[in-house]
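See structure below.
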Amino acid sequence: MPLDKPYLDVPGTTIFDAEQSRLGYHLNQFCMSLMKAANRERFKADERAYLDEWAMTEEQKQAVLARDLNRCIKAGGNIYFLAKIGATDGKSFQQMAGSMTGMTEEEYRDMMIGGGRSAEGNRVLGEDGTAQAHRQPQGRAGQKTTS
Amino acid sequence: MPLDKPYLDVPGTTIFDAEQSRLGYHLNQFCMSLMKAANRERFKADERAYLDEWAMTEEQKQAVLARDLNRCIKAGGNIYFLAKIGATDGKSFQQMAGSMTGMTEEEYRDMMIGGGRSAEGNRVLGEDGTAQAHRQPQGRAGQKTTS
Amino acid sequence: MTMAKITASVYTSHVPAIGAALDLGKSGEPYWQPVFKGYEFSKHWMAENKPDVIFLVYNDHATAFSLDMIPTFAIGCADSFTPADEGWGPRPVPVVQGHPELAAHIAQSVIQQDFDLTIVNKMDVDHGLTVPLSLMCGQPQAWPCPVIPFAVNVVQYPVPSGRRCFELGKAIRKAIESFDKPLNVQIWGTGGMSHQLQGPRAGLINKEFDNAFLDQLIDDPEGLASKPHIDYVREAGSEGIELVMWLIARGAMADVAGGPVPTVAHRFYHVPASNTAVGHLILENK
Amino acid sequence: MTMAKITASVYTSHVPAIGAALDLGKSGEPYWQPVFKGYEFSKHWMAENKPDVIFLVYNDHATAFSLDMIPTFAIGCADSFTPADEGWGPRPVPVVQGHPELAAHIAQSVIQQDFDLTIVNKMDVDHGLTVPLSLMCGQPQAWPCPVIPFAVNVVQYPVPSGRRCFELGKAIRKAIESFDKPLNVQIWGTGGMSHQLQGPRAGLINKEFDNAFLDQLIDDPEGLASKPHIDYVREAGSEGIELVMWLIARGAMADVAGGPVPTVAHRFYHVPASNTAVGHLILENK
Ligand SMILES: [Fe+3]
Ligand SMILES: [Fe+3]
């Protein structure tokens, strides 16, 4: 498609466009179903069985079961939909967002209190900011491999 | 509201604008429910009981029970919604439309085969066309009172 | 050819009774015979000019869209669309296959041209979409190509103006012709012609208006786009307003963007089909 | 005064964690204290400048709108709107009363100005709408006045451009000020400021960008409207794109239509609330 996608060179970021939306349709609609308390109960009682009611790919189901939000997004998920899974687990948006960085909850919270992640080095793929691919995962997990 | 409603002077015609839509919300949503076969069955089995499940006015319910589409429209109904009642009764759009004129089914069908109702005299309130208020109901019923 | 191209536009009424006549095997009856005769040419033309995709402009008749949500313009981006149960049971016609890739491309391009579309990923389609397919394609086992449904609100006022529809057609043309696959795309405008389905004025037909509309649609669509809503209501009946949708298809033709004037491949007009005047036109881009 | 009038515009982030902090009685905690302090002025200001109606621009966060139907612009015309269950259970806040009469008037006028709105008659409202009300009104038994929800798609691309949003604000102003009842109307733009909720780049905050945005929103909204989406994404995070909604409220202010420059009644900025930079502004028409 010749239409501009100027957002493809932003590091650590997946823009939810029509293509992603098509990919993630059933995954995201599953997430919407968790807005009903009764469905949250059914999901929690037997996650796999509940997921099997949806026309999701096996990868999408595995990503949900693993609560791996980066994998979910790669499979077409959008954070506003995926947040319903976190809500079902009693997690906050901060816990969910942090989980995608590889940082611990404390590390991420401290980064935010310290003013958040800088845009420096994180605007364009290939720079050297903390969101760039070569610096993942971040936090203690990431530091271990480079120290 | 100062917005133009230039359509108020068209005879025999109710334009479904926001005001009508608000008036007819529950009536029209009831009609939508008849798009499911199971609901049509329930409605046919006990019309009054089915209508009582909806937050409709008594006038709206009576208009539906009487299959008086002009009354339904006055109460906020729109023909595309109301058509679901006719469909439930096995009626065609021609039978439904004709029923609002006072003509018999044959008279209306013959009018259409003859080229339909003329726009002459039916453009603006106060002219003398067949759709004007002083000439209702039309067809045999109407002619009786003037002959 | 490497880009998609709009090769022709088709205009037709979408009267539900026409679908019923076909589905119930009544198309040979004297009442219906002249209607279907007007589409004989069109079926041959379709076979000879089979498109890769049809971009089909129609209106939903309180079927997919209730009063809960009324989009002014909605584009169908799903893989497929099921014929709706409008109360008589679903029409026995094939499921409509979509073209999600082109639809998403058009949505993106047209929104970026400042048309505030609603993107629809799940929708049943009513007679407004399936009757034109039946008229143009007969009764096949499967429709000849994918269809992108494009629904316009003409049920609750205010409905979009003729001008807005015409401008939208121009934007759709730009969108389609910037898609980098060599698709042959037809754009169809459906609904109309003069009809009124409600009140003591039901049954209104205006042959003079309809034929003047067809003339002007061919020769002076820009001028036709200025016609205000009230003229449609007064002259062509309250449901005659559906004709604004024809301006979307017309606005997508080459001449509007400075190209050659289209050829009139076919023109047909007949009264009545049920409550309605039937009009039909095929315009080819050269 | 016989016509409705826009007296002020309010801009604020709508971070869900702020709602949770209030609802769970945590607003006095050291983490939250500075956030709520920034709204102390605003609560007094609201009490002293109680509007008759709030026109509240926000985005739905996959709550009322699933992927089945994604309206670019949706106006809430219902009598009332229930706080949604976003997965944590509904927020314990009052039901939002609508203003169907003014909403329908605005819908009609704005559609006739060529904005292709989706009319919504039934909708639950999420934190995007209720958190700004909580920040500005505290925890009352009932919200102080009716609210017209106006939802903008910033979830699935393409989202409307800043320019389109700004132009829409102008159209909304015309619509409101042609309503022939002497209503005092405030328009609120919500969402933002810099934040990113997804991927390895989550947690991005850009104070320089945010403060420059506030400066330009006050002094040069017309210029700000030209900022392309990609600048928001690159500089303010993928969810920073919500800031385009502030341009709708700004476009409705008097100076944009040739009137006097608004007064800055209040300005506040703080980092962080959860993942987000909190920005807030009150502009009064003179
Ligand atoms: Fe129609
Ligand atoms: Fe938000």
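Chains as they are written, first to last, in full-length UniProt numbering: chain A, 1 to 147; chain B, 1 to 147; chain C, 1 to 286; chain D, 1 to 286. Glycine residues also receive a C-beta, built at the ideal position from the N, C-alpha and C atoms. Everything numeric in this text was worked out from a predicted model, so none of it was measured.
Inset, instruction - Give a yes or no on whether 8 Å exceeds the smallest Cβ distance from D/R201 to chain A. - result: Looking up residue 201 of chain D in the fourth sequence gives position 201. True, the Cβ-Cβ gap to chain A drops below 8 Å.
Inset, instruction - Can you tell me which of C/C77, C/N275, C/R267, C/I241 puts its alpha carbon nearest to the alpha carbon of C/Y11? - result: In the third sequence, the residue the question calls residue 11 of chain C occupies position 11. Selected option, being the one with the closest Cα: C/R267.
Inset, instruction - Taking 8 Å as the cut-off, decide whether the C-beta atoms of D/A64 and D/A84 are in contact. - result: Counting from one through the fourth sequence, the residue named residue 64 of chain D turns up at place 64. Counting from one through the fourth sequence, the residue named residue 84 of chain D turns up at place 84. Yes. Within cutoff.
Inset, instruction - Output, in chain order, the set of chain D residues within a Cβ distance shorter than 9 Å of C/V244. - result: Here the question's residue 244 of chain C lines up with position 244 in the third sequence. Within 9 Å Cβ-Cβ: nothing; C/V244 doesn't reach chain D, min ~13 Å.
Inset, instruction - Check C/Y11 in the structure and name its three-state DSSP category. - result: Locating residue 11 of chain C in the third sequence gives position 11, counting from the first residue. Strand at C/Y11.
Legend entry - C/V15 and C/T276 closer than 8 Å at C-beta: Residue 15 of chain C sits at position 15 when you count from the first residue of the third sequence. Residue 276 of chain C sits at position 276 when you count from the first residue of the third sequence. Against a cut-off of 8 Å, the Cβ pair of C/T276 and C/V15 comes out as a contact.
Inset, instruction - Report the option in B/T57, B/Q60, B/K84 whose CA atom is closest to the CA atom of B/N36. - result: Counting from one through the second sequence, the residue named residue 36 of chain B turns up at place 36. Note that residue 36 of chain B corresponds to Lys in the displayed sequence, not to Asn. Answer by Cα proximity: B/K84.
Legend entry - Assigned secondary structure, residue 295 of chain D (DSSP; H/G/I helix, E/B strand, else coil): With chain D covering only 1 through 286, there is no way to say anything about residue 295 of chain D.
Legend entry - DSSP-derived helix/strand/coil call for D/H270: Reading the fourth sequence from its first residue, position 270 is the one you call residue 270 of chain D. If DSSP states are grouped into helix, strand and coil, D/H270 belongs with the strands.
Inset, instruction - Flag C/V95 as yes if its beta-carbon sits less than 8 Å from any beta-carbon of chain D, otherwise no. - result: To locate residue 95 of chain C, count along the third sequence from 1; it is residue 95. No, C/V95 lies away from the interface with chain D (no Cβ there is under 8 Å from its Cβ).
Inset, instruction - Compute every distance between the C-beta of D/H61 and the non-hydrogen atoms of ligand 2, then say whether any falls below 7 Å. - result: In the fourth sequence, counting from the first residue as 1, residue 61 of chain D sits at position 61. For ligand 2, at least one heavy atom lies less than 7 Å from the Cβ of D/H61.
Inset, instruction - Would you verify that the beta carbon of D/F150 is, or is not, closer than 8 Å to some beta carbon of chain F? - result: Chain labels in this structure do not include chain F; the protein chains are A, B, C and D.
Legend entry - Any chain A beta carbon closer than 8 Å to D/Q216: To locate residue 216 of chain D, count along the fourth sequence from 1; it is residue 216. So, not an interface residue.
Legend entry - Chain-ordered neighbours of A/G115 on chain D, where CB pairs are closer than 8 Å: Here residue 115 of chain A corresponds to residue number 115 of the first sequence, with the count starting at 1. Going along chain D in sequence order, the residues near A/G115 (Cβ under 8 Å) are I205, K207, V271, P272.
Legend entry - Any 3 or more C-beta pairs closer than 8 Å across the region 134-141 of chain B and the region 98-109 of chain B: yes
Inset, instruction - Flag C/S66 as yes if its beta-carbon sits less than 8 Å from any beta-carbon of chain B, otherwise no. - result: The residue given as residue 66 of chain C occupies position 66 in the third sequence. By this cut-off, C/S66 is an interface position.
Inset, instruction - Kindly say whether B/T145, judged by its beta-carbon, lies nearer than 8 Å to any beta-carbon of chain C. - result: As a first step, residue 145 of chain B must be located in the second sequence, where it is residue number 145. Residue confidence for B/T145 is low, a pLDDT of 46 falling below 50, so the modelled location carries little weight and cannot support an answer.
Inset, instruction - Ignore the nearest five residues each way along the sequence and tell me which others in B/I15's own chain have a CB closer than 6 Å to its CB. - result: As a position in the second sequence, residue 15 of chain B is number 15, starting the count at 1. Taken in chain order, the residues that qualify are Y7.
Legend entry - Neighbourhood of A/Q132 by C-beta distance below 8 Å, restricted to the same chain and skipping five residues each side: Indexing the first sequence from 1 puts residue 132 of chain A at position 132. Answer for A/Q132: P11, G12, G121, N122, L125, G126, listed in chain order.
Legend entry - Other residues of its chain near C/E167: CB distance less than 7 Å, five sequence neighbours each side excluded: Residue numbering aside, residue 167 of chain C sits at position 167 when the third sequence is read from its first letter. Excluding residues within five positions, the ones whose Cβ falls inside 7 Å are G251.
Legend entry - Closest by C-alpha distance to C/Y269, when choosing among C/I205, C/E222, C/I248, C/A225: In the third sequence, counting from the first residue as 1, residue 269 of chain C sits at position 269. Of the listed residues, the one whose Cα sits closest to C/Y269 is C/I205.
Inset, instruction - Examine ligand 2 and report whether any of its heavy atoms sits within less than 7 Å of the Cβ of D/H280. - result: For the purposes of this step, residue 280 of chain D is identified with residue 280 of the fourth sequence, where counting begins at 1. Because no heavy atom of ligand 2 lies under 7 Å away, the Cβ of D/H280 does not count as near it: no.
Inset, instruction - Could you check if D/I75 is buried or exposed, using at least 16 other CB atoms within 10 Å of its CB as the buried criterion? - result: Numbered from 1 along the fourth sequence, position 75 holds the residue referred to as residue 75 of chain D. It is buried - the Cβ of D/I75 has at least 16 other Cβ atoms within 10 Å.
Legend entry - Contact list for B/Y25 against chain D, beta-carbon separation under 7 Å: Taking the second sequence and counting its residues from 1, the one referred to as residue 25 of chain B is at position 25. By Cβ distance, chain D contributes N121.
Inset, instruction - Between the Cα of D/Y232 and those of D/A21, D/G162, D/G199, spot the shortest distance and give me the residue it belongs to. - result: To locate residue 232 of chain D, count along the fourth sequence from 1; it is residue 232. Closest by alpha carbon: D/G162.
Inset, instruction - Would you check if the distance between the CB atom of C/D60 and the CB atom of C/D126 is smaller than 8 Å? - result: For this step, residue 60 of chain C is matched to residue 60 along the third sequence. For this step, residue 126 of chain C is matched to residue 126 along the third sequence. Contact flag set, yes.
Inset, instruction - Go ahead and label B/K144 buried or exposed: buried means 16 or more other beta carbons lie within 10 angstroms of its beta carbon, across all protein chains shown. - result: To locate residue 144 of chain B, count along the second sequence from 1; it is residue 144. Its pLDDT being 48, under 50, B/K144 is placed unreliably by the model, and the measurement read from it follows with that caveat. Exposed, since its Cβ has fewer than 16 Cβ neighbours within 10 Å.
Legend entry - Which of helix, strand or coil DSSP assigns to A/L23: Residue mapping note: residue 23 of chain A aligns to position 23 of the first sequence, counting from 1. DSSP places A/L23 in helix when its eight states are reduced to three.
Legend entry - chain A contact residues for C/P100, given Cβ-Cβ distances below 9 Å: To locate residue 100 of chain C, count along the third sequence from 1; it is residue 100. Here the neighbours are A18, R22.
Legend entry - Residue from C/A265, C/S274, C/S27 whose Cα sits closest to the Cα of C/H280: Walking along the third sequence from the start, residue 280 of chain C turns up at place 280. For C/H280, the nearest C-alpha among the options comes from C/A265.
Inset, instruction - To the nearest angstrom, report how far apart B/S147 and B/E107 are at their CA atoms. - result: Here residue 147 of chain B is taken as the residue at index 147 of the second sequence, counted from 1. Here residue 107 of chain B is taken as the residue at index 107 of the second sequence, counted from 1. Confidence is the limiting factor: at B/S147 the pLDDT is only 35, short of 50, which leaves the residue's position unreliable and the question unanswerable from this model.
Legend entry - Cβ shell of D/N211 (< 8 Å), same chain only, five flanking positions each side left out: What you label residue 211 of chain D is simply residue 211 of the fourth sequence in a count that begins at 1. Closer than 8 Å at Cβ, skipping near neighbours: Y269.
Legend entry - Inter-residue Cα distance where the pair is residue 289 of chain C and C/I54: Here chain C has residues from 1 to 286 only, and residue 289 of chain C is not among them.
Inset, instruction - To the nearest angstrom, report how far apart C/W32 and A/A45 are at their CA atoms. - result: Taking the third sequence and counting its residues from 1, the one referred to as residue 32 of chain C is at position 32. Taking the first sequence and counting its residues from 1, the one referred to as residue 45 of chain A is at position 45. Using only the alpha carbons, I get a separation of about 59 Å.
Legend entry - Option in D/D52, D/P160, D/V57 with minimal Cα separation from D/S226: Within the fourth sequence, the letter at position 226 stands for residue 226 of chain D. Comparing Cα positions, the closest option is D/P160.
Legend entry - Residue range of the beta strand (DSSP E) that includes D/Q186: For the purposes of this step, residue 186 of chain D is taken as the residue at position 186 of the fourth sequence. Residues 184-190.
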